[in-house]
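What follows is one structure encoded as structure tokens, with my remarks underneath.
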Amino acid sequence: MAARRPPMSAATRHALVVMNRQALDAAVLGIADGLYEIGLNIAADAVSNTPRDPVAAAKRGAPMMADTSGVGVWVSGLRVAGQGNAPGSLATPRGETVMAVGFGSPLFHFMELGTVKEIARPIMVPAFNRGIKGAAETVIPAMGKRIKAVP
Amino acid sequence: MTTLSPLGAAVAELLADGTVTAITTRIRPIEPGALDDKGADSYVSYVVVSVLDAPWQAATATSSVTLGLRCYAPTFPGAEALYLACAAVFHRKGPRIAKSRLGIFNSLVTGGGTFDKDPDTQQPLVHGIVEMNVSIQATPA
Chain A
1 MAARRPPMSA ATRHALVVMN RQALDAAVLG IADGLYEIGL NIAADAVSNT
51 PRDPVAAAKR GAPMMADTSG VGVWVSGLRV AGQGNAPGSL ATPRGETVMA
101 VGFGSPLFHF MELGTVKEIA RPIMVPAFNR GIKGAAETVI PAMGKRIKAV
151 P
Chain B
1001 MTTLSPLGAA VAELLADGTV TAITTRIRPI EPGALDDKGA DSYVSYVVVS
1051 VLDAPWQAAT ATSSVTLGLR CYAPTFPGAE ALYLACAAVF HRKGPRIAKS
1101 RLGIFNSLVT GGGTFDKDPD TQQPLVHGIV EMNVSIQATP A
């Protein structure tokens, strides 16, 4: 008959809680790392399909739409990856990890959704759908890397 | 196997809704109709429905469709009312079979409600994004 394990001491329990808390934060940051990588891939996919018109851009005095892509990741409302400001409509609730990818051009949504004279020419939605396929294969290893680094 | 248009099914659902048709019956797939694009003094209400993406799923005989709605009206409140009526047709709706026999598993409004002006005509509009999961073959009668 196997010997019963002695009850865990308070010190051991406390140490386990501290260790688990570090690992949990590492897991969340790992999710953020994975989502950021996915976002970069989505942005690259979208940029590669975005038309470039340097003449029109020079005429407008504005950067080309393809050069305005950006990715950001927020954990509980705090930015942990990427640059720039979050879109005004983006919700980054407490307890959630949010990745946003898009173009900074004020004209992008007209190309994506269409206008009276132009049909919709979606680029970001298909890039997003391609990019999030197999998201687990990116996020899980990123989590593992962060958790393994926890002392 | 017969594949059926989710765009056609979405347009048909909007046309079958009394709240939407009380505002307008100009529900257009892909682009506005010939008489929809009018000048600033005679804007009319209409809706343009586009497919932004419709990938077929690898493991099931279904497609995840993303639709873009552009709800035009003479005024911003009018465009908002039209958008809200269209959103109510799709938001959190469960399984149903379209008249074309396309199976629609569910639909959800996932974005939009933002006010804008069409860059070509300056007409007020509200954008909407709808996600639908549909079958890729007809449902037997």
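Going down the list, the sequences are from chains A and B. Just so we're aligned: the first sequence equals residues 1 to 151 in the numbering used here. Just so we're aligned: the second sequence equals residues 1001 to 1141 in the numbering used here. Quick reminder that beta carbons are idealized off the backbone N, C-alpha and C, glycines included.
Legend entry - DSSP state of A:Ala-81 mapped onto helix, strand, coil: Strand at A:Ala-81.
Inset, instruction - Can you give me, in chain order, the residues of the stretch 1063–1075 of chain B that have a beta carbon less than 9 Å from any beta carbon in chain A? - result: Ser-1064, Thr-1066, Gly-1068, Leu-1069, Arg-1070 and Tyr-1072
Inset, instruction - Mind listing the chain B neighbours of A:Ile-42? Cutoff is C-beta to C-beta under 7 Å, in chain order. - result: Per Cβ cutoff of 7 Å: no residues; A:Ile-42 is ~13 Å from chain B at best.
Legend entry - Closer than 8 Å to chain A by CB, B:His-1127: yes
Inset, instruction - Determine, using beta carbons only, whether B:Glu-1131 and A:Ile-119 come nearer to each other than 8 Å. - result: no
Legend entry - Same chain, Cβ closer than 8 Å to B:Thr-1114, neighbours up to 5 away in sequence not counted: Val-1126 and His-1127
Inset, instruction - Please state whether DSSP places A:Gln-22 in a helix, a strand or coil. - result: A:Gln-22: helix per DSSP, three-state reduction.
Inset, instruction - Go through its chain and collect everything with a Cβ distance to B:Met-1001's Cβ below 6 Å, but skip five positions before and after it. - result: Residue confidence for B:Met-1001 is low, a pLDDT of 46 falling below 50, so the modelled location carries little weight; the figure read from the coordinates is stated next. Within the same chain, B:Met-1001 has close Cβ partners Gln-1137.
Inset, instruction - Could you list the residues in the stretch 112–125 of chain A with a C-beta less than 9 Å from some C-beta on chain B, going in chain order? - result: Glu-112, Leu-113, Gly-114, Thr-115, Val-116, Lys-117, Glu-118, Ile-119, Ala-120, Pro-122, Met-124 and Val-125
Legend entry - Sub-8 Å separation of B:Val-1051 and B:Val-1065 beta-carbons: It is a contact, given that the beta carbons lie within the stated cut-off.
Inset, instruction - For chain B, find out if any of its Cβ atoms is closer than 8 Å to the Cβ of A:Phe-110; answer yes or no. - result: yes
Inset, instruction - Could you name the residues of the same chain whose beta carbon sits closer than 6 Å to that of A:Leu-113, not counting the 5 residues immediately before and after it, in chain order? - result: Ala-120
Inset, instruction - Kindly list, in the order they appear in chain A, the residues whose Cβ is closer than 7 Å to that of B:Pro-1055. - result: The contact set of B:Pro-1055 on chain A, defined by CB atoms closer than 7 Å, consists of Asn-129 in chain order.
Inset, instruction - Alpha carbon to alpha carbon, how far is B:Gly-1112 from A:Ile-132? Give it in angstroms, no decimals. - result: 21 Å
Inset, instruction - Find the nearest neighbour of B:Asp-1120 within the set A:Asp-33, A:Phe-110 and A:Ala-127, judged by alpha-carbon distance. - result: A:Phe-110
Inset, instruction - Can you tell me which of B:Pro-1140, B:Ser-1135 and B:Ala-1141 puts its alpha carbon nearest to the alpha carbon of B:Ala-1059? - result: From the listed residues B:Pro-1140, B:Ser-1135 and B:Ala-1141, the smallest Cα separation to B:Ala-1059 is found for B:Ser-1135.
Inset, instruction - Can you give me the start and stop residues for the beta strand (DSSP E) that B:Arg-1070 sits inside? - result: 1062–1072
Inset, instruction - Evaluate B:Gly-1103 with the Cβ neighbour count: other Cβ atoms within 10 Å of its Cβ, from every protein chain shown; 16 or more gives buried, anything less gives exposed. - result: buried
Inset, instruction - Below 8 Å on the Cβ atoms is my guess for A:Val-71 versus A:Gly-39; work out the distance and round it to an integer in Å. - result: 4 Å
Inset, instruction - Compare the C-beta of B:Ile-1030 against all C-beta atoms of chain A and say whether one is closer than 8 Å. - result: Chain A contact via Cβ: present.
Legend entry - Segment contact flag, the stretch 46–61 of chain A with the stretch 4–11 of chain A, C-beta cutoff 8 Å, min 3 pairs: no
Inset, instruction - Please classify A:Ile-31: does DSSP put it in a helix, a strand, or coil? - result: helix
Legend entry - Close-in-space but distant-in-sequence residues of the same chain around A:Thr-68 (CB under 6 Å, 5 per side omitted): Phe-103, Gly-104 and Ser-105
Legend entry - Delimiting residues of the beta strand (DSSP E) encompassing A:Val-98: For A:Val-98, the enclosing beta strand (DSSP E) starts and ends at 97–103.
Legend entry - A:Leu-113 in three-state terms, based on DSSP: helix
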